[in-house]
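Engineer: So the sequence shown is numbered by my numbering: it starts at 1 and just counts up by one.
A virtual CB, placed ideally from N, CA and C, is assigned to each residue, including glycine.
All figures in this text were calculated on a predicted structure; none of them were measured in a lab.
Dropping the structure in here first, questions after.
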Amino acid sequence: MSSEDYVELVQDLCEELELGDAGEFLDRGLLQVNDTLVAIEYLEERDEIRLLADLGEIEEGIDRHAMLELLLEANLGNTSLYLPTFSVHPENHHPVVAYHIPLPVLLEEDVDLAFVLTEQLIPLLDDWKLRLQEALDSDSSGVDPLPLPGSLV
Numbered sequence: 001m002s003s004e005d006y007v008e009l010v011q012d013l014c015e016e017l018e019l020g021d022a023g024e025f026l027d028r029g030l031l032q033v034n035d036t037l038v039a040i041e042y043l044e045e046r047d048e049i050r051l052l053a054d055l056g057e058i059e060e061g062i063d064r065h066a067m068l069e070l071l072l073e074a075n076l077g078n079t080s081l082y083l084p085t086f087s088v089h090p091e092n093h094h095p096v097v098a099y100h101i102p103l104p105v106l107l108e109e110d111v112d113l114a115f116v117l118t119e120q121l122i123p124l125l126d127d128w129k130l131r132l133q134e135a136l137d138s139d140s141s142g143v144d145p146l147p148l149p150g151s152l153v
């Protein structure tokens, strides 16, 4: 596989989502899907696509330490599709999730990047946000939360 395959996938994505010029998107690498800003990049040395989604500003009243602890626990126990990895943006300090998709999977399967983004990753991200909020709320109330999507429970 190659960066040419990635360019072709991005061109298909731009066409399907009616985003206009793929060249501009390839330069920027940013896409707004629903309310989520997603950065898309090709990691040539790993032959995979990395999707970075900003989870947004931490709401006032949220225990930042508890949230970061939950995200680290989720990283260790996660077995879900695309193996999301959580981190914190170094500049704005928002929690960020990274999805890693092997490029051959997108090329061999009859699944395109637009479908993966809109039908799989964004709904999964919405579920993660909801479960994370529930876990943080239950941490303060003492009630056991539902397991995070893809976690080993």
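To which residues does DSSP link His100 through a beta bridge?
Structural biologist: Arg50
Engineer: Could you check the C-alpha separation between Arg155 and Asp137 for me, to the nearest Å?
Structural biologist: Look at the range of the chain in this structure, 1 to 153, and you will see that residue 155 is not part of it.
Engineer: Among residues of its own chain, excluding the 5 on either side of Gly29, which ones have a beta-carbon nearer than 7 angstroms to its beta-carbon?
Structural biologist: Ala39, Ile40 and Glu41
Engineer: Where does Leu152 land, buried or exposed, given buried means 16+ other C-beta within 10 angstroms?
Structural biologist: The predicted position of Leu152 is uncertain, since its pLDDT is 44 and thus under 50; no value can be drawn from it.
Engineer: Taking just the CA atoms, how far does Ile62 sit from Asp54?
Structural biologist: 17 angstroms
Engineer: Rounded to whole angstroms, how far is the Cβ of Val97 from the Cβ of Pro84, which I believe are closer than 8 angstroms?
Structural biologist: 5 angstroms
Engineer: What does a CB cutoff of less than 6 angstroms around Ala114 pick up in its chain, not counting 5 residues either side in sequence?
Structural biologist: Cβ neighbours of Ala114 beyond the five flanking positions: Leu13, Glu16 and Leu17.
Engineer: Rounded to whole angstroms, what's the CA-CA distance from Val58 to Asn78? Just pull it up for me.
Structural biologist: For clarity, residue 58 is Ile in the given sequence; the question names Val instead. So the alpha carbons of these two residues sit roughly 22 angstroms apart.
Engineer: Within 10 angstroms of the Cβ of Leu37, are there 16 or more other Cβ atoms? Answer buried if so, exposed if not.
Structural biologist: By the neighbour-count criterion, in which 16 or more other beta carbons inside 10 Å mark a residue as buried, Leu37 falls on the exposed side.
Engineer: Residues in its own chain within less than 7 angstroms of Val7 by CB, not counting five upstream and five downstream?
Structural biologist: Leu26
Engineer: If you follow the beta strand (DSSP E) that Gln32 is in, where does it begin and where does it stop?
Structural biologist: Leu30 to Val33
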